[in-house]
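Some notes on the structure that comes next.
Number of protein chains: 2
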Amino acid sequence: MKLTILGCYSATPRINTNPTAQVLEINNHMFLIDCGEGTQVELRRNRIKFNRIKHIFISHLHGDHCFGLVGLISTFRLLTRTTDLHIYAPKGLKEVITLQMKLSDSWTNYNLIFHELSAKVSEKIYEDDKVEVHTIPLDHRVYTNGFLFKEKLGERKLDMNAVLNADIDVAYYRKLKQGADVPDNSGHLVKNSEVTLDPKPPKSYAFCSDTAYSEAIIPIIKDVDVLYHESTFVEKNAMLAAPTKHSTAKQAATIAKLSNAKQLILGHYSTRYDNLDVFKAEAETIFPNVVLANDGKTFEF
Amino acid sequence: MKLTILGCYSATPRINTNPTAQVLEINNHMFLIDCGEGTQVELRRNRIKFNRIKHIFISHLHGDHCFGLVGLISTFRLLTRTTDLHIYAPKGLKEVITLQMKLSDSWTNYNLIFHELSAKVSEKIYEDDKVEVHTIPLDHRVYTNGFLFKEKLGERKLDMNAVLNADIDVAYYRKLKQGADVPDNSGHLVKNSEVTLDPKPPKSYAFCSDTAYSEAIIPIIKDVDVLYHESTFVEKNAMLAAPTKHSTAKQAATIAKLSNAKQLILGHYSTRYDNLDVFKAEAETIFPNVVLANDGKTFEF
Numbered sequence: 153m154k155l156t157i158l159g160c161y162s163a164t165p166r167i168n169t170n171p172t173a174q175v176l177e178i179n180n181h182m183f184l185i186d187c188g189e190g191t192q193v194e195l196r197r198n199r200i201k202f203n204r205i206k207h208i209f210i211s212h213l214h215g216d217h218c219f220g221l222v223g224l225i226s227t228f229r230l231l232t233r234t235t236d237l238h239i240y241a242p243k244g245l246k247e248v249i250t251l252q253m254k255l256s257d258s259w260t261n262y263n264l265i266f267h268e269l270s271a272k273v274s275e276k277i278y279e280d281d282k283v284e285v286h287t288i289p290l291d292h293r294v295y296t297n298g299f300l301f302k303e304k305l306g307e308r309k310l311d312m313n314a315v316l317n318a319d320i321d322v323a324y325y326r327k328l329k330q331g332a333d334v335p336d337n338s339g340h341l342v343k344n345s346e347v348t349l350d351p352k353p354p355k356s357y358a359f360c361s362d363t364a365y366s367e368a369i370i371p372i373i374k375d376v377d378v379l380y381h382e383s384t385f386v387e388k389n390a391m392l393a394a395p396t397k398h399s400t401a402k403q404a405a406t407i408a409k410l411s412n413a414k415q416l417i418l419g420h421y422s423t424r425y426d427n428l429d430v431f432k433a434e435a436e437t438i439f440p441n442v443v444l445a446n447d448g449k450t451f452e453f
Numbered sequence: 153m154k155l156t157i158l159g160c161y162s163a164t165p166r167i168n169t170n171p172t173a174q175v176l177e178i179n180n181h182m183f184l185i186d187c188g189e190g191t192q193v194e195l196r197r198n199r200i201k202f203n204r205i206k207h208i209f210i211s212h213l214h215g216d217h218c219f220g221l222v223g224l225i226s227t228f229r230l231l232t233r234t235t236d237l238h239i240y241a242p243k244g245l246k247e248v249i250t251l252q253m254k255l256s257d258s259w260t261n262y263n264l265i266f267h268e269l270s271a272k273v274s275e276k277i278y279e280d281d282k283v284e285v286h287t288i289p290l291d292h293r294v295y296t297n298g299f300l301f302k303e304k305l306g307e308r309k310l311d312m313n314a315v316l317n318a319d320i321d322v323a324y325y326r327k328l329k330q331g332a333d334v335p336d337n338s339g340h341l342v343k344n345s346e347v348t349l350d351p352k353p354p355k356s357y358a359f360c361s362d363t364a365y366s367e368a369i370i371p372i373i374k375d376v377d378v379l380y381h382e383s384t385f386v387e388k389n390a391m392l393a394a395p396t397k398h399s400t401a402k403q404a405a406t407i408a409k410l411s412n413a414k415q416l417i418l419g420h421y422s423t424r425y426d427n428l429d430v431f432k433a434e435a436e437t438i439f440p441n442v443v444l445a446n447d448g449k450t451f452e453f
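In order, the protein sequences belong to chains A and B. Under the numbering used here, the letters of the first sequence match residues 153 to 453, in that order. Under the numbering used here, the letters of the second sequence match residues 153 to 453, in that order.
Given below as structure tokens:
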């Protein structure tokens, strides 16, 4: 997996900071998560090919998470895209986009497929043979979902020395990869575990923004490899976090700890902070493995 | 008047080029004309104070002219604006903005006043004691208006030597400035033209984008001081201009010539051209005083 941060600041786009948008590259997918104003320019700046984006996940309908979407949809049209585009977003966004298309008399020349979200509990919204995406219901001022991206457990790997020693016909290799016990050439059953190795452990990534501190998400993101959790504020401004339903760095770290995440990425910073190190320092008092998102930064895991 | 070009390219925002937006400073107003995606960032880059913008004029509802508006409206709210904001735009934009506000549960804390345009003939849409704004109906794929900004003729200036020689009481100065003949201290009528000077000639600016070549606009913009006219293409790509209802540099220059404009500013370039000099050279074969708009460029007149 590779995560590219296109924007990780809250509220408004500025000269050197962008609102929320990120691209998760996972098993040949390029999933776009949120799409604040200016996202299409940041995609260009980070040399991400527009045509590789086939699925866009929108957490909620505050402008700093979705105002760049209609422009991106229009640009796809101008670039004569033909690939289907799937958008997973709270109910309502389809109506806005459709109205804007209608008023500009600019229908797309590709299939634009909305998957409108309104469930209050976690649901699986995407699945193929290698990846699943689940919503993570968050606690914000408007209906908001985070997204959990999970690789599926791959096939078992053949331990070729053991397979050859056991004298198993090549016709059974596929069954071995699927975990079955198979007969050798003399008809004796060979235990799968004796001739195969565990597949690479599947990785997972959870995107949680925007949200107040919410332990309700812990069962959903339990044991996640990488958790992106918003930290709009630090504790000295906690009085601002509560009414706006945002989190502090300490709260983000507490969620990372309680959910047994392996790594925590912080983001969605208020632009009131000149130095982001205060976020990292505060989170590290609770959870050891903390990194800071920043626009243009990439993470591989 | 001072014109600041925030963006003057067609179609999509890119790393170094912005869609249409410009600010006209005229008699202490800061009029924002069009508002493509990224306009709020360009306002910051050009150090234009958000609070000075009280009137926004939107030509049409193609994305490269209006997709930045909802973000700007939201940012004004986040910056706790209290000043009224007037938006002059084709019918429909109010519905889009209202829907987006509703879905994000983010009503403005200032008065947002829409003036919806649907007339097919030129109309006066703004007037105060010093400035008027009129629509310029354009010929584009959707309902589109350009805008003519006109200073009003100011008061006549007192020729103080002549006024004192004519022995006119100070109580009549106001009437003199208004153009009236007034009595001197002996009761003889003094002709206004003998003791006053013409006011500074009022300036005018016409913004015409997007549009096909249209001589219908000439009576409206006749004798304009500065004409901004789109030139999306040059003549060798004229076959692209006609079906998309855009203009070439030569066509823009022809309109400048026929309307007796003093100066022509070209803009709304297709991003297919690496060198903008071709636009200027082509226009100058028809009309002598041509300048090229570019993002961040300012013009004083």
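All residues carry an ideal CB built from backbone N, CA and C; glycine is no exception.
In the DSSP assignment, His381 (chain A) falls within the unbroken beta strand (DSSP E) covering 378-382. For Lys246 (chain A), the enclosing alpha helix (DSSP H) has its first and last residue at 245-255.
Beta-carbon to beta-carbon, Gly220 (chain A) and Gln192 (chain A) are separated by about 6 angstroms, close enough to satisfy the 8 angstroms threshold. Here Met182 (chain A) has Val175, Ile200, Arg204, Ile205 as same chain residues with Cβ atoms under 7 angstroms from its own Cβ, once five neighbours each way along the sequence are excluded. At a beta-carbon threshold of 8 angstroms, the residues of chain A lying near Ile167 (chain B) are Val193, Arg196, Arg197, ordered along the chain.
One finds Thr164, Pro165, Glu189, Gly215, Phe219 in chain B with Cβ atoms closer than 8 angstroms to the Cβ of Gly223 (chain A), taken in chain order. Pairing Ile157 (chain A) with Lys432 (chain A) gives a Cβ-Cβ distance that is not under 8 angstroms. One finds nothing in chain A with a Cβ atom closer than 7 angstroms to the Cβ of Thr384 (chain B); even the nearest lies about 13 angstroms away. The CB of Gly244 (chain A) comes closer than 7 angstroms to the CB of Leu255 in chain B, given here in chain order. Around His212 (chain A), the same chain offers Pro242, His292, Val294, Tyr295, Thr296, Asp362 as residues with beta carbons nearer than 7 angstroms, after the five sequence neighbours per side are excluded. Neighbourhood of Thr227 (chain A) in chain B, by CB distance below 9 angstroms: Ala163, Thr164, Pro165, Gly215, in chain order. Between Gln403 (chain B) and chain A, the shortest Cβ-Cβ separation is not below 8 angstroms.
Beta-bridge analysis with DSSP links Pro289 (chain A) to A:Asn297. Per DSSP, the continuous alpha helix (DSSP H) segment holding Pro371 (chain A) begins and ends at 370-373. Take the alpha-carbon of Ala390 (chain B) and the one of His420 (chain B): they are about 15 angstroms apart. Considering only A:Ser270, A:Trp259, A:Leu184, A:Arg424, the residue with the shortest C-alpha distance to Thr169 (chain A) is A:Arg424. Taking 8 angstroms as the threshold, the shortest C-beta distance from Arg308 (chain A) to chain B does not fall below it.
Note on Glu279 (chain B): under 16 other CB atoms within 10 angstroms of its CB, so exposed under the neighbour-count rule.
At a cut-off of 8 angstroms between beta carbons, Arg204 (chain A) makes no contact with chain B.
Judged by their CB atoms, Leu410 (chain A) and Ala445 (chain A) are not nearer to each other than the 8 angstroms cut-off. Buried is the label assigned to Gly190 (chain A), since at least 16 other Cβ atoms lie within 10 Å of its Cβ. Among the residues facing chain B, Gln252 (chain A) is included, as its CB has a counterpart in that chain under 8 angstroms away. At least one beta carbon of chain B lies nearer than 8 angstroms to the beta carbon of Arg293 (chain A). Residue environment for His340 (chain A): exposed (fewer than 16 other C-beta atoms within 10 angstroms of its C-beta). Boundaries of the beta strand (DSSP E) harbouring Phe359 (chain B): 356-360, taken from the DSSP string. Collapsing the DSSP output to three states places Glu303 (chain B) in a strand. Within chain B, the residues whose beta carbon sits less than 8 angstroms from that of Val248 (chain A) are Val248, Leu251, Gln252, Leu255, listed in sequence order. Looking only at A:Gln403, A:Ile225, A:Pro165, A:His207, the smallest Cα-Cα distance to Leu224 (chain B) is reached by A:Pro165. What Leu230 (chain A) touches in chain B, judged by beta-carbon distance under 7 angstroms, is Ala163, Thr164, going in chain order. Within the segment 187-263 of chain B, the complete alpha helix (DSSP H) segments of 4 residues or longer fall at 191-197, 215-218, 221-230, 245-255, listed in chain order. Between Ala364 (chain B) and Lys414 (chain B) a beta carbon distance of about 24 angstroms is seen, past the 8 angstroms cut, so the two are scored as non-contacting. The residue from A:Tyr324, A:Phe453, A:Val342 with its alpha-carbon nearest to that of Ser356 (chain A) is A:Phe453. The beta-carbon separation of Thr172 (chain A) and Asp236 (chain A), rounded to 24 angstroms, does not stay under the 8 angstroms limit for a contact. For the pair Phe209 (chain A) and Thr260 (chain B), the Cα-to-Cα distance works out to about 27 angstroms.
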